[in-house]
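Numbering (the working numbering), first residue to last: -4 to 242.
Pasting the structure below:
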């Protein structure tokens, strides 16, 4: 590993250590015990195929190129750091970035499902952020649904004349927003409104998240572009090995 790459990894790990001692708060992750048991089980089952494919993809990447472990670790650290930054919302809830867009761009959405699951487990145990019973629901929204949209946007726009940096920004930002849309829908399915049903409830939950999440999505998009630029400067060979086209 090059010296500069080693410094980048150490910096990310240091950030993880700093934010690991952040105070607990109920944020985008659905908290422990909030969902009925049937929903907890159902969302966990839905996640299983993605996790299986994710383990397969990561294992293949590592076998073909051991150096890809550096990028995988950095993508996981990026998810952990950004999703641990909990910002109080004016509506009484909390919001945070997801950080999953970077991994989706580099390795595809299935690989991110595994990284996201690992992050969610650590956050639930160490930070009281989310929960073990709601792990399936949180994994689906943050580590599957958001990354899938990010990957689709990146792959789609990469085939056009859209600027690459703008493509990365849109993929990360819109993937972040979509995560919150899915979370709102999950909550609405479990707790439909007495008047208007599930969709009315989903709109209410989105209204809680939107004031802080929209600017956070923009910030996440910018940070993702900055990280990709840094990787293109210091880890061109590693990016080439995972078939990422650096500028």
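We put the CB at the ideal spot given by N, CA and C, even for glycine.
Put simply, of 167, 209, 189, 214 the residue whose alpha carbon is nearest the alpha carbon of residue 101 is 167. Residue 141 is a Cβ neighbour of residue 174, given a cutoff of 7 Å. The beta carbon of residue 144 is closer than 7 Å to those of 169, 170, 173 in its chain, skipping five residues each way along the sequence. Between the beta-carbon of residue 115 and that of residue 125 there is about 6 Å, and that keeps the pair under the 8 Å contact cut. Fully enclosed alpha helix (DSSP H) runs of no fewer than 4 residues occupy 63 to 79, 95 to 102 of the segment 43 to 114, in order along the chain.
About 7 Å separates the Cβ atoms of residue 42 and residue 108, confirming a contact at the 8 Å cut-off. 7 Å or more divides the Cβ of residue 103 from the Cβ of residue 164. Distances from the alpha-carbon of residue 122 to those of 26, 238, 235 put 26 closest. Fewer than three beta-carbon pairs drawn from the segment 184 to 192 and the segment 201 to 209 are found closer than 8 Å, and the two stretches are therefore not classed as touching. Taking 7 Å as the cut-off, the Cβ atoms of residue 129 and residue 234 do not count as close. For residue 49, the closest C-alpha among the options 74, 237, 112, 152 is that of 112. According to the DSSP assignment, residue 149 belongs to the alpha helix (DSSP H) that extends over 141 to 153. Straight-line spacing of the CA atoms in residue 158 and residue 93 works out to 23 Å.
Rounded to whole angstroms, residue 226 and residue 156 show a C-alpha spacing of 22 Å.
A Cβ-Cβ distance of about 20 Å is found for the pair residue 39 and residue 74, leaving them out of contact under the 8 Å criterion. With contacts defined as CB atoms closer than 7 Å, residue 220 and residue 154 fail to qualify as a contacting pair. Around the C-beta of residue 231, fewer than 16 other C-beta atoms lie within 10 Å, and the residue is accordingly described as exposed. Unbroken beta strand (DSSP E) stretches of 3 residues or longer found wholly inside the segment 175 to 201: none. The Cβ-Cβ distance between residue 197 and residue 211 does not fall below 7 Å. Following the DSSP letters along the chain, one finds residue 133 inside the alpha helix (DSSP H) bounded by residues 130 to 133.
With fewer than 16 other Cβ atoms inside 10 Å of its own Cβ, residue 192 counts as exposed. Around the CB of residue 148, 16 or more other CB atoms lie within 10 Å, so the residue is classed as buried.
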